[in-house]
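For our numbering, count along the sequence shown from 1 and bump the result up by 29.
Glycine included, each C-beta is placed from N, C-alpha and C at the ideal position.
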Amino acid sequence: MASSTTNSKRILKLKSSDGITFDVEEIVLVSTLDFFKNIVDIGCNRDDLISVPNVNGEFLTMIIEWCKKHAGDDIINNGVEEDECSNMKKEIKEWDAKFVKNLDQAVLYHLLMAADYLGGKQLLDLLTQKAADMIKGKKYQQIRQIFNIENDFTPEQEEDIKKRNPWAFE
């Protein structure tokens, strides 16, 4: 049975929902995404093509890029001198900020869905923080516009909600 601690140079072959294939080092994926850790733990063969049906090539490329940057997070937290650890964490935090900086709402949505499907908790945390930052300090009308949320309340229903929850409309 395969284990995530086997040869770190082992290559996993992935196939996105739109048929694009990727060759990625096992350690990059299993250390950041539960989906691949589980597949490796149950024992996939070296030549198995791992289908990733809910993620297309464009977004899988971005996720793999993120995983490559975060593959060493365990090492940073365990066994690296404090000054070096602090510098590495700062570098990763800056890289993450650049990664999410110019994501539009559509790309953010697809990445959020993919990160959730693949079990990437750290990536999901980063992306949900980006979504939160997009709406921070905005009025409900602006949030509806940002996320294309249709107002399906009647004027009477909306007025009733405003009366019961005035704090939400300040």
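{"Query": "Counting pairs of beta carbons, one from the stretch 115-123 and one from the stretch 81-92, are three or more of them closer than 8 Å?", "Result": "no"}
{"Query": "Where do the N-terminal and C-terminal ends of the beta strand (DSSP E) with Val81 fall, by residue?", "Result": "Leu78 to Val81"}
{"Query": "Of all the options Phe128, Leu78, Lys119 and Pro82, which has the alpha carbon lying nearest to the alpha carbon of Tyr146?", "Result": "Pro82"}
{"Query": "What does DSSP give as the partner residue(s) for Asp52 in the beta ladder?", "Result": "Lys42"}
{"Query": "Helix or strand or just coil, what does DSSP make of Asn194?", "Result": "coil"}
{"Query": "Counting along the chain, where does the alpha helix (DSSP H) carrying Phe88 start and finish?", "Result": "Gly86 to His99"}
{"Query": "Throw me the rounded Cβ distance for the Asp52 and Lys42 pair, which I believe falls under 8 Å.", "Result": "6 Å"}
{"Query": "List, from N- to C-terminal side, the beta strand (DSSP E) runs of 3 residues or more that fit wholly inside the stretch 118-165.", "Result": "none"}
{"Query": "To the nearest angstrom, how far is the alpha carbon of Leu156 from that of Cys96?", "Result": "14 Å"}
{"Query": "Using the Cα positions of Arg173 and Gly72, report the straight-line distance between them to the nearest angstrom.", "Result": "45 Å"}
{"Query": "Where do the N-terminal and C-terminal ends of the alpha helix (DSSP H) with Lys66 fall, by residue?", "Result": "Asp63 to Ile71"}
{"Query": "Using DSSP with H/G/I as helix, E/B as strand and the rest coil, what is Ser115?", "Result": "helix"}
{"Query": "Please check if any C-beta of chain D sits within less than 8 Å of the C-beta of Lys122.", "Result": "The displayed structure is made up of one protein chain only, and chain D is not part of it."}
{"Query": "Work out the CA separation of Ile190 and Thr183 for me, nearest whole Å.", "Result": "11 Å"}
{"Query": "Report all residues from its chain with a CB closer than 6 Å to the CB of Arg214; omit the five preceding and five following residues, and keep chain order.", "Result": "The chain is shown from 30 up to 199; residue 214 falls before or after that span and cannot be answered."}
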